[in-house]
Each structure stands twice: as structure tokens, then as C-alpha cells.
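Here is the structure we will look at.
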Amino acid sequence: VSSGPRWACWFTRHLISQGLGPPPRPLKVVLLVFASLCAWYSGYLLAELIPDAPLSSAAYSIRNIGERPVLKAPAPKRQKCDHWTPCPSDTYAYRLLSGGGKDKYAKICFEDSLLMGGKLGNVARGINIAVVNYVTGNVTATRCFDMYEGDNSGPMTKFIQSAPPKSLLLMVTYDDGSTRLKDDAKNTIEALGSKEIRNMKFRSSWVFLAAKGFELPSEIQREKINHSDTKNNRYSGWPAEIQIEGCIPKEPS
């Protein structure tokens, strides 16, 4: 309402500055009424735009926004042996992980069961081997063979050769697996299909999946190696760990 008189005063001052003198009294009345009508109409429009809900209701609605539960995407379902995608039901899931660094032990996982690993206390320096019955999927033996000290190449060769037909042999290294590795062991592992056993060097990270008495499909990831390199080692004196994983078709029933 106060905007009307201010506008009228401005108009009066404007007329005086132009040498026209103040407006006559009737005009002042008209201008004041006009300004009052404009102020009233502005208030009317503002009242129409404000919702009828009381301020307490609006405040309650704002508070409710913060209290509403936040929708979260469901966590991805864990797969066997920590695969990203599930293996078909007619296959075996496997994952072989070499050691990497002093405190990162090698692991052998088969059908979501940890066959060898630091948690089980059954891995050690050298070459670690798990034997699995291909028909039943059950583990039949696990052994570790120190290849840095002692004469363990011969016993490892006999262990591999004693695995019955229709066996899966899963091999991983932790620390050094080459210093005392002899030709008899290399020949035996090479006969199982290894392409890298003769390339083993000091502290090479190596993983190998072998089948005895049957053939694995050609697309199955079977072997991987990573050599120690002072310029590229992830750990001091140790190369990075490596792994292979996949799904092995079960024997047709």
C-alpha cells in the first residue's frame, strides 16, 4: 500500500522538475487510488500463487524428504571362486592364483572350495599341486614341493605320475619354483601340455591346469607365467601375482 504515495511523490517531483508545477489535487487523488489498486492486485496475485497448506505442513513435507529411504542397487551375487559371471551348471568353476610378494600366498579354488591357500595353511614355497577327480569333482590330494631347498623334484615327479587317470591337476607357484626343478619333473609336466615349464626362472609366477587321461577343450585357459624383473616387479624382488580362471565342462553322464 505504501508504494502508491511514493509513486505519486515521484510523479509530483518529476512535474516540478519539468517546470509544470505540482498536479492539481483531483489528479493526486486519482493517482493515489490507482497506486492503491495496483498494490491490492499485486497482493491478490501473490496470495493465489501461495498454496493453501500451512507452513507447518510444508516444513513437515521437507523433513520427510530427508527421512525417506534411499533406494540402493542390490549387491551383485557372488559367483563360484569369485568369478564375475556364473559358470553353466554342467561345468566346474576353477581359479588358480600364484603367490605375489612375501605375504600374498598362492590359492587354488575349485567349485567354490578353497583347496590350497594361506587360510588353510597348506601352501608353501615352491610348486603347490592339487589333484581333483574329474568325474566326481572331489579333491583327492594336495602337496607342496620346495624348489629352493632340498631335493624335491623327484618326489614331485612321482606325485604327478601317481595321479589316477581322469584327474585334473592344478599347479601354482609361491616364491621360487625353479632353482631345484630338474628335467624329470619338467618332462612330466611338459607331457601334460605345459608350454612354459622350461621357461621357469627364479621366482617366476606360474599357474597351470592339466588333465590326465583326457583332453580339455582348446578354449580353456590353462597356463600363464610372469617372470621376475627388477624394473617391473610389483613387489620388492617379486613379480606380480597372476591367475587363470574358467569353466571346465563336466564329463557327460
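Take 1 as the starting number for the sequence shown in the UniProt record's numbering and just add one per residue.
Ideal Cβ positions, reconstructed from N, Cα and C, are used throughout, including at glycine.
In this text, all values refer to a predicted model and were calculated from it rather than measured experimentally.
The beta-bridge partner set that DSSP reports for T142 consists of A130.
Counting the other CB atoms within 10 Å of its CB gives F34 a total below 16, which places it among the exposed residues.
At the C-beta level, L96 and V172 come within 8 Å of one another.
Nearest C-alpha to N187 among W40, I160, K166, V123: I160. Beta-bridge pairing by DSSP links C109 to R95, L114. With 16 or more other Cβ atoms inside 10 Å of its own Cβ, P239 counts as buried. In this structure, DSSP gives C81 a helical state, which the three-state scheme calls helix. Where S153 is concerned, the enclosing alpha helix (DSSP H) starts and stops at 153-161. A contact between stretches requires three or more CB pairs, one per stretch, nearer than 8 Å, and the segment 74-83 fails this requirement with the segment 203-213. Secondary-structure assignment with DSSP links N199 through no beta bridge to anything.
Under the three-state reduction of DSSP, L209 is assigned to strand.
Residue S178 holds the alpha-carbon nearest to the alpha-carbon of I225 among C247, G246, K250, S178. Residue pairing by DSSP puts N226 in a beta bridge opposite S205.
Per DSSP, the continuous alpha helix (DSSP H) segment holding I189 begins and ends at 183-191. Of the residues E223, N232, K195, P252, the one whose Cα lies closest to the Cα of G246 is E223. In the structure shown, C38 falls within a helical segment according to DSSP collapsed to helix, strand and coil.
Counting the other Cβ atoms within 10 Å of the Cβ of C87 gives 16 or more, which makes it buried. The bridge partners DSSP lists for Q243 are L97.
Apart from sequence neighbours up to five positions away, the residues of its chain that approach F145 with a beta-carbon distance below 7 Å are G126, I127, N152, P155, M156, ordered along the chain. Separation of Y92 and R234 (C-alpha to C-alpha, rounded to the nearest whole angstrom) is 31 Å.
Remark: C-beta atoms of E251 and Y94 do not approach each other more closely than 8 Å. K166 and P249 have their C-alpha atoms roughly 13 Å apart.
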